[in-house]
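A quick write-up on the structure given underneath.
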Amino acid sequence: MSEHRQEYIDLCAAWALGSLDAADRRTLDQHLAEGCAECAAAMEEFSAATVMVAASAAGALPRPALKDRVLAAAQAAGTGDGSGAWLKAVPGARPAGAAPAPPRAGRGDAPGLRPRPAWTTWLPVAAAAALAVTSGVLWIRARQLGESLASSRKQVAQLEQRMSEEEKWSAVLRATGARVSLLEPTTEGDARLRARATYDPATRRAVVVFENLYKPNDRDYQLWVIKDGVPASLGLIRADEDGRATLRLENVGDSIALSAFAVSLEPKGGSPNPAAPTGPVVMLGKLST
Amino acid sequence: MRSLSELFDRYTPLMYPVALRILRSRADAEDAVQDAWLQVWRRSASYDPRRGTVVAWLLTVVRTRALDRYRSVASRNRAESRVDPEPVTAPEDPTQEAAHVQLSARVRAAMAALAPQQRQVLEIAYFHGLSQSEIAKQLNAPLGTVKSWTRQGLMRLRELLPQEEWV
Chain A
7 MSEHRQEYID LCAAWALGSL DAADRRTLDQ HLAEGCAECA AAMEEFSAAT
57 VMVAASAAGA LPRPALKDRV LAAAQAAGTG DGSGAWLKAV PGARPAGAAP
107 APPRAGRGDA PGLRPRPAWT TWLPVAAAAA LAVTSGVLWI RARQLGESLA
157 SSRKQVAQLE QRMSEEEKWS AVLRATGARV SLLEPTTEGD ARLRARATYD
207 PATRRAVVVF ENLYKPNDRD YQLWVIKDGV PASLGLIRAD EDGRATLRLE
257 NVGDSIALSA FAVSLEPKGG SPNPAAPTGP VVMLGKLST
Chain B
1194 MRSLSELFDR YTPLMYPVAL RILRSRADAE DAVQDAWLQV WRRSASYDPR
1244 RGTVVAWLLT VVRTRALDRY RSVASRNRAE SRVDPEPVTA PEDPTQEAAH
1294 VQLSARVRAA MAALAPQQRQ VLEIAYFHGL SQSEIAKQLN APLGTVKSWT
1344 RQGLMRLREL LPQEEWV
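Quick note, the sequences are listed as chains A and B, same order. The first sequence maps to residues 7 to 295 in the working numbering. The second sequence maps to residues 1194 to 1360 in the working numbering.
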């Protein structure tokens, strides 16, 4: 079975409007022959919508003589192929041969026919149209709900991913074997600087939270970890307007090799020397054992 | 025959204006309506309820007959020589007039509320009988865009005509 695609819906609309190109008709026929509930529903609704397009022309009536002509021609043509197949689908229609009501003179109806007030002839059309419209509105709402549901599912998936991410980093802070480093300002650092680093030896992840990290103009704070006595850069620290920052670091290093975290104040963009700070070290904290 | 009489009364007010809009001639439109009713009478078994309502089927039949008639050279020449449809005599029954005038007024209002391109493609497709690719050529628009306008126009039309508008 060919998979339902959105462009089939376009073909259904053109089909209902009697505007489908021959090549597209073959494509659609083939698709429908394989069974597609969504397209079948769409065709029904577009077909009902097409009735609305037709009804936009309404207003003119033929001359009364037309009815006599049509009835006479139908009589001459006989009963056709039974004439009953579609009558069952007409709201309120009586089968041929039902007991006639008393005739009323002066309406131009054929003898023996019960004239009907015009509103009674229109109400079933209006009711049929109303049903069609109702199901159409339901169909459109169902589509909208479907789209909304798909969007919600996407949001839920994104939230789940974020929650999973949060959970991952939260686990670092709760890890039983976690090592902590409280970073204090050095004599060259602002006395308000505060930071706490938590390192999970099992996963080698670290979370470092900074406070009062107000960035001087044209300078950047850079975080280092001391590994086997040698500094290794963990990247620049981007604080918000309130001087807060949280760094989440993967693969910080092997627990045995790590001894401390440090922060240096570097030229914009970080230390020109990737292997060591070039600016003053403004914070330092030994890692607990 | 009795049921045909009732059905004529019920559905001709929807069918005839479609033929008139296509053919722009009362005589031709009446002929098209007569052809349509005879076709329906003779070949009612061709109605397939799975493909739409009876109204939709009757309108399809009369539209096809009217377009066939329009495409015959003589009728087209006649139709193109006219600027407007011939004046329509007022219906004798004021309640009938109110019913279908209200119907068409509401549908027209909904049509008017469509984006102009959507309305244009629906009208060209339905009343001029052009296929999607012919419309694209006539409007000098990409085929995919014409298809989108068609789908969006029909869907919007359904949204604009809630049930209470019709009851």
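Ideal Cβ placement from N, Cα and C applies to all residues, glycine included.
Any beta carbon of chain B sitting closer than 8 Å to that of residue i?
i        : result
A/Ala156 : no
A/Asp27  : yes
A/Arg32  : no
A/Asp35  : no
A/Leu119 : Caution is warranted here: a pLDDT of 38 is assigned to A/Leu119, below 50, making its placement in the model unreliable, and the coordinate value is therefore given only provisionally. Interface residue, yes.
A/Ala83  : yes
A/Ala5   : Examination of residue 5 of chain A is not possible in this model, given that chain A is present from 7 through 295 alone.
A/Pro68  : yes
A/Arg1   : Coverage of chain A is limited to positions 7 through 295, which leaves residue 1 of chain A absent and any answer about it impossible.
A/Ala22  : yes
A/Leu38  : no
A/Leu189 : no
A/Leu179 : no
A/Leu72  : yes
A/Thr80  : Checking the sequence, you will find Ala at residue 80 of chain A rather than Thr. With 8 Å as the cut-off, A/Ala80 counts as an interface residue toward chain B.
A/Asp16  : yes
A/Ala163 : no
A/Ala19  : yes
With 8 Å set as the bound, which would you pick, yes or no: does the beta-carbon of residue i sit closer than that to a beta-carbon of chain A?
i         : result
B/Ala1249 : yes
B/Ser1326 : yes
B/Leu1216 : no
B/Ser1198 : yes
B/Tyr1181 : Chain B is shown from 1194 up to 1360; residue 1181 of chain B falls before or after that span and cannot be answered.
B/Arg1301 : yes
B/Arg1258 : no
B/Phe1201 : yes
B/Leu1350 : yes
B/Ala1254 : Note on identity: in this sequence residue 1254 of chain B is Val, with Ala being the wrong assignment. No - not a single Cβ of chain A is within 8 Å of the one on B/Val1254.
B/Ala1306 : no
B/Pro1309 : no
B/Val1281 : Unreliable placement is indicated for B/Val1281, whose pLDDT of 48 sits below 50; the coordinate value is still reported in the next sentence. Yes, because at least one Cβ of chain A sits closer than 8 Å to the Cβ of B/Val1281.
Find out if the Cβ-Cβ distance for the pair residue i, residue j is shorter than 8 Å.
i         : j         : result
B/Leu1260 : B/Ile1317 : no
A/Ser53   : B/Ser1324 : no
A/Arg254  : A/Val213  : yes
B/Leu1364 : B/Ser1326 : In the structure as shown, chain B starts at 1194 and stops at 1360, and residue 1364 of chain B therefore has no counterpart that could be examined.
A/Ser62   : B/Arg1301 : yes
A/Leu290  : A/Glu190  : yes
B/Arg1262 : B/Asp1221 : yes
B/Ser1198 : A/Asp16   : no
A/Ala251  : A/Leu293  : no
B/Ala1306 : A/Met58   : no
A/Glu217  : A/Arg200  : yes
A/Ala60   : B/Leu1296 : no
B/Leu1213 : A/Ala66   : yes
B/Arg1299 : B/Leu1354 : yes
B/Glu1223 : A/Pro70   : no
Label residue i either buried or exposed according to how many other C-beta atoms from any shown protein chain fall within 10 Å of its C-beta, with 16 as the threshold for buried.
i         : result
B/Val1248 : buried
A/Gly84   : exposed
A/Leu229  : buried
B/Leu1207 : buried
A/Lys174  : exposed
A/Leu271  : buried
B/Pro1210 : buried
B/Gln1227 : buried
A/Leu155  : exposed
B/Tyr1204 : buried
A/Pro222  : exposed
B/Val1254 : buried
B/Thr1343 : buried
A/Ser187  : buried
B/Val1339 : buried
A/Ser170  : exposed
A/Glu286  : Per the sequence presented here, residue 286 of chain A reads as Pro, with Glu not at that position. A/Pro286 comes out exposed.
A/Gly195  : buried
A/Ala22   : buried
Check the Cβ-Cβ distances between residue i and every residue of chain E, and say whether any is below 8 Å.
i       : result
A/Arg11 : No chain E is part of this structure, whose protein chains are labelled A and B.
The ligand MN heavy atoms versus the CB of residue i: any closer than 7 Å?
i         : result
B/Lys1340 : Absence of the ligand MN from the depicted structure is noted, as is the absence of any ligand whatsoever, leaving it without description.
Residues of the segment 46-64 of chain A whose Cβ lies closer than 7 Å to any Cβ of chain B, in chain order: Going along the segment 46-64 of chain A in chain order, one finds Glu50, Glu51, Phe52, Ser53, Ala54, Ala55, Thr56, Val57, Met58, Val59, Ala60, Ala61, Ser62, Ala63 and Ala64 with a Cβ nearer than 7 Å to chain B.
message: Under 8 Å: do the segment 269-284 of chain A and the segment 225-243 of chain A share three or more Cβ pairs, one atom per stretch?
response: yes
- prompt: Quick one, which residues of the segment 219-252 of chain A are near chain B if we go by CB-CB under 7 Å, in chain order?
  reply: Flagged: no residues at all.
- prompt: Any chance the segment 257-266 of chain A sits against the segment 193-207 of chain A, with 3 or more Cβ pairs inside 8 Å?
  reply: Contact between the segment 257-266 of chain A and the segment 193-207 of chain A is present, with at least three C-beta pairs closer than 8 Å.
- request: Closer than 7 Å, Cβ to Cβ, to anything on chain A: give me those residues from the segment 1332-1347 of chain B, in chain order.
  value: Lys1340, Ser1341, Thr1343, Arg1344 and Leu1347
query: If contact means a Cβ-Cβ distance below 8 Å, which residues of the segment 1219-1233 of chain B contact chain A?
result: For the segment 1219-1233 of chain B, which is checked against every Cβ of chain A, the residues closer than 8 Å are Arg1219, Ala1222, Glu1223, Val1226, Gln1227, Trp1230, Leu1231 and Val1233.
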